[in-house]
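Asker:
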Ligand code: EPU
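In the working numbering, the protein residues as written are 1001 to 1419.
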């Protein structure tokens, strides 16, 4: 198993090109199942999770072709088996995103129930209840969600909890439903908006994405089309923290500054100078030690849970004490235990991490436990004294495109070594 080796010390300087968003690309590729004609999706990031989604579509008999620039063509006219097997779903929970589209277009879906997850229980009860309210018959059989519906019908739903993939699944299901569906208390994440824009390009009639109420007028069919995936705001945020934590100067290009307001505000609070343009962001933290910041994760537009671990690394070397409250997932502090092994002073109290910055972290062998935790350990490794070795980096390859090349190009001492 490969490992990443980092040597701490160098302030990062230079430019990073931000990739397409993982969490937009995955629902968009699943959403292509709704179209009866070929769809071309551009700016798809080259990531393990994307490969898994493509494999999942392929297993169903869908024709997927990609060129060297990761333009992915999905032709779901040939779909033969509306089935998502356990062996793929267990490697990627986002596989659940095929449930809504399959049911809407083919009237049936057999999708393995995702199991437990390192960061929390992550049930899918809201996805299932929503489909039932739209007239689907759903049962759980041998670990699979078995859903059937001749044609889904419109419904008015108020979701119990704000859920990103739950919103996406129900929005996709409603696209081909009979009549007007209203979804309230939905997720407002930019990835939901990107999915709605994609579906509208294919002839869907979705309004309100990006607000807490989405209205979908069902149509008979979706046609083909072309779409480019939005920039990854979490990858963007991770490289901004890299600039801040190493006291460097990093410029992101091909990003979407407007999707990072909460993250940028916290970096400014930490003492960074930030400039933004229409598709770029530059952070300057040269010759300054960051100040610790307090933050609380919550659904968009508040501070994202997917940036919490990276800010834990920042607080670990900042001046002062910072408190991080995680409200989305109940077990998303695994990185804290690893950072402590690097000399970080962090106290955990339930869903709160109280972090007292130390002047310097020390290198240590550490283990990645989930995607964002791995990213935070890379950041910690970039400021630790000595050589840090990060194990289980398959987590990082699920969500960060060419991470060591991108970091190396801005001056980081980082390399991948076979384990
Ligand atoms: N929840 C329920 N019931 C449901 C669905 C969700 O109780 O049916 C709860 C969850 O347990 C959680 C909360 O609702 O406590 C919010 O979870 P959400 O459903 O929004 O998470 P998700 O859709 O499974 C997506 C991202 C995650 C990101 C979260 C929160 C994708 C593919 N995944 O997950 O991304 O952390 O939203 O923003 O979009 C990552 O990229 O590293 C990652 C984990």
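Ideal placement from N, C-alpha and C gives every residue a C-beta, glycine not left out.
Do residue 1058 and residue 1050 come within 9 Å of each other at the CB atom, strictly closer than that value?
Answerer: Mapped onto the chain shown, residue 1050 falls at position 50. Mapped onto the chain shown, residue 1058 falls at position 58. Contact flag unset, no.
Asker: Please confirm if residue 1149 has its CB atom under 9 Å from at least one CB of chain B.
Answerer: Of the chains in the structure shown, none is chain B; there is only one protein chain.
Asker: According to DSSP, which residues form a beta bridge with residue 1144?
Answerer: The residue labelled residue 1144 in the question sits at position 144 within the chain shown. Per DSSP, 1112 and 1141.
Asker: Of all the options 1261, 1379 and 1371, which has the alpha carbon lying nearest to the alpha carbon of residue 1344?
Answerer: One-based indexing of the chain shown puts residue 1344 at position 344. Nearest option by C-alpha distance: 1379.
Asker: Leaving out five residues on either side along the sequence, give the residues of the same chain with a beta carbon under 6 Å from the beta carbon of residue 1292.
Answerer: One-based indexing of the chain shown puts residue 1292 at position 292. Only 1315, 1318, 1320, 1321, 1322 and 1357 meet the Cβ criterion.
Asker: With distances taken Cα to Cα, identify the nearest neighbour of residue 1278 among 1257, 1002, 1124 and 1288.
Answerer: Here residue 1278 is taken as the residue at index 278 of the chain shown, counted from 1. Residue 1257 is the option with its Cα nearest to residue 1278.
Asker: Which residue comes first and which comes last in the alpha helix (DSSP H) that contains residue 1026?
Answerer: As a working note, residue 1026 is residue 26 in the chain shown. Start and end: 1022-1031.
Asker: Classify residue 1235 as buried or exposed, calling it buried when 16 or more other Cβ atoms lie within 10 Å of its own Cβ.
Answerer: Translated into the one-based positions of the chain shown, residue 1235 becomes position 235. Residue 1235 should be labelled buried.
Asker: Okay, do the stretch 1243-1257 and the stretch 1211-1223 touch, 3+ Cβ pairs below 8 Å being the bar?
Answerer: At 8 Å Cβ cutoff, the stretches do not touch.
Asker: At 3 residues or longer, and completely inside the stretch 1246-1322: list those beta strand (DSSP E) runs for me, N to C.
Answerer: The qualifying runs are 1249-1253, 1273-1276 and 1280-1284.
Asker: When the Cα of residue 1068 is compared with those of 1118, 1082, 1084 and 1045, which residue comes out closest?
Answerer: The residue labelled residue 1068 in the question sits at position 68 within the chain shown. The shortest C-alpha separation from residue 1068 is found at 1045.
Asker: Identify which residue in 1302, 1153 and 1175 has its Cα closest to the Cα of residue 1189.
Answerer: Counted from its first residue, the chain shown places residue 1189 at position 189. Closest option to residue 1189, Cα to Cα, is 1302.
Asker: Would residue 1249 pass as a contact of residue 1285 if the rule is Cβ separation under 9 Å?
Answerer: Stepping through the chain shown from its first residue, residue 1249 is reached at position 249. Stepping through the chain shown from its first residue, residue 1285 is reached at position 285. Contact flag set, yes.
Asker: How far does the alpha helix (DSSP H) with residue 1055 in it reach, from first residue to last?
Answerer: Translated into positions along the chain shown, residue 1055 becomes position 55. 1048-1059 is the extent of the alpha helix (DSSP H) around residue 1055.
Asker: Can you find the residues in the same chain that come closer than 7 Å, C-beta to C-beta, to residue 1374, ignoring five residues on each side of it along the sequence?
Answerer: Taking the first residue of the chain shown as 1, we reach residue 1374 at position 374. Counting only Cβ-Cβ distances below 7 Å, and skipping sequence neighbours, we find 1368, 1390, 1393, 1395 and 1396.
Asker: Considering only C-alpha positions, which residue in the set 1337, 1232 and 1242 is nearest to residue 1401?
Answerer: Position 401 of the chain shown, counting from 1, holds the residue named residue 1401. Nearest of 1337, 1232 and 1242 to residue 1401, Cα basis: 1232.
Asker: Nearest to residue 1192 by alpha carbon, out of 1089, 1181, 1179 and 1207?
Answerer: As a working mapping, residue 1192 is identified with position 192 in the chain shown. Here the closest residue by C-alpha is 1207.
Asker: Distance check for residue 1386 and residue 1167, CA to CA, integer angstroms please.
Answerer: As a first step, residue 1167 must be located in the chain shown, where it is residue number 167. As a first step, residue 1386 must be located in the chain shown, where it is residue number 386. Roughly 44 Å separates the two Cα atoms.
Asker: Taking DSSP as the reference, what is the three-state secondary structure of residue 1211?
Answerer: Looking up residue 1211 in the chain shown gives position 211. Of the three classes helix, strand and coil, the one that applies to residue 1211 here is strand, per DSSP.
Asker: Going by the DSSP bridge assignment, what does residue 1325 pair with across the sheet?
Answerer: By 1-based counting over the chain shown, the position of residue 1325 is 325. DSSP output for residue 1325 lists 1296 and 1352 as bridge partner(s).
Asker: CB-CB under 6 Å to residue 1372, same chain, minus the five flanking residues each way: which ones, in chain order?
Answerer: Residue numbering aside, residue 1372 sits at position 372 when the chain shown is read from its first letter. Result list for residue 1372: 1306 and 1309, in chain order.
Asker: Using 9 Å as the threshold, is the C-beta distance between residue 1085 and residue 1103 below it?
Answerer: As a position in the chain shown, residue 1085 is number 85, starting the count at 1. As a position in the chain shown, residue 1103 is number 103, starting the count at 1. Not closer than 9 Å, so no.
Asker: If I measure Cβ to Cβ from residue 1111 and keep anything under 8 Å in the same chain, skipping five residues before and after, which residues do I get?
Answerer: Residue mapping note: residue 1111 aligns to position 111 of the chain shown, counting from 1. Answer for residue 1111: 1083, 1084, 1089, 1095, 1096, 1098, 1099, 1102, 1144, 1145 and 1147, listed in chain order.
Asker: State the DSSP-derived secondary structure class of residue 1094, mapped to helix, strand or coil.
Answerer: Along the chain shown, one-based indexing puts residue 1094 at 94. It is helical.
Asker: Can you tell me whether residue 1417 is buried or exposed, with buried defined as 16 or more other CB within 10 angstroms of its CB?
Answerer: In the chain shown, residue 1417 corresponds to position 417, counting from 1. Label assigned to residue 1417: exposed.
Asker: Shorter than 8 Å, the distance from the beta carbon of residue 1162 to the closest heavy atom of ligand 1, or not?
Answerer: In the chain shown, the residue the question calls residue 1162 occupies position 162. Answer for residue 1162: yes, Cβ within range of ligand 1.
Asker: With three or more beta-carbon pairs closer than 8 Å as the criterion, would you say the stretch 1257-1268 touches the stretch 1325-1336?
Answerer: In short, these stretches do not touch, since the Cβ pair count stays below three.
Asker: Between 1376, 1136 and 1327, which has its C-alpha nearest residue 1335's C-alpha?
Answerer: Counting from 1 along the chain shown, the entry for residue 1335 is found at position 335. Minimum Cα distance to residue 1335 is reached at 1376.
Asker: For residue 1164, collect the residues of the same chain with a Cβ closer than 6 Å to its Cβ; drop the 5 residues on either side in sequence, then sort them by chain order.
Answerer: In the chain shown, counting from the first residue as 1, residue 1164 sits at position 164. Within the same chain, residue 1164 has close Cβ partners 1187 and 1189.
Asker: Which same chain residues, not among the five before or five after residue 1030, have their C-beta less than 6 Å away from its C-beta?
Answerer: Here residue 1030 refers to the residue found at position 30 when the chain shown is read from its first residue. Answer for residue 1030: 1097, 1098 and 1101, listed in chain order.
Asker: Helix, strand or coil, according to DSSP, for residue 1397 in the structure here?
Answerer: Locating residue 1397 in the chain shown gives position 397, where the first residue counts as 1. Of the three classes helix, strand and coil, the one that applies to residue 1397 here is helix, per DSSP.
Asker: What first and last residue would you give for the beta strand (DSSP E) that runs through residue 1040?
Answerer: As a position in the chain shown, residue 1040 is number 40, starting the count at 1. Counting along the chain, the beta strand (DSSP E) containing residue 1040 begins and ends at 1039-1042.
Asker: At which residues does the beta strand (DSSP E) containing residue 1227 begin and terminate?
Answerer: As a first step, residue 1227 is located in the chain shown; it is residue number 227 there, counting from the start. Here the beta strand (DSSP E) through residue 1227 covers 1225-1228.
Asker: Buried or exposed: where does residue 1359 fall if 16 or more other Cβ atoms within 10 Å of its Cβ makes it buried?
Answerer: Stepping through the chain shown from its first residue, residue 1359 is reached at position 359. Burial call: exposed.
Asker: Need the endpoints of the alpha helix (DSSP H) that residue 1367 sits in, please.
Answerer: Here residue 1367 corresponds to residue number 367 of the chain shown, with the count starting at 1. Not the alpha helix (DSSP H): residue 1367 falls in the beta strand (DSSP E), residues 1365-1367.
Asker: Please classify residue 1075: is it buried, with 16 or more other beta-carbons within 10 angstroms of its beta-carbon, or exposed?
Answerer: For this step, residue 1075 is matched to residue 75 along the chain shown. Flag for residue 1075 reads buried.
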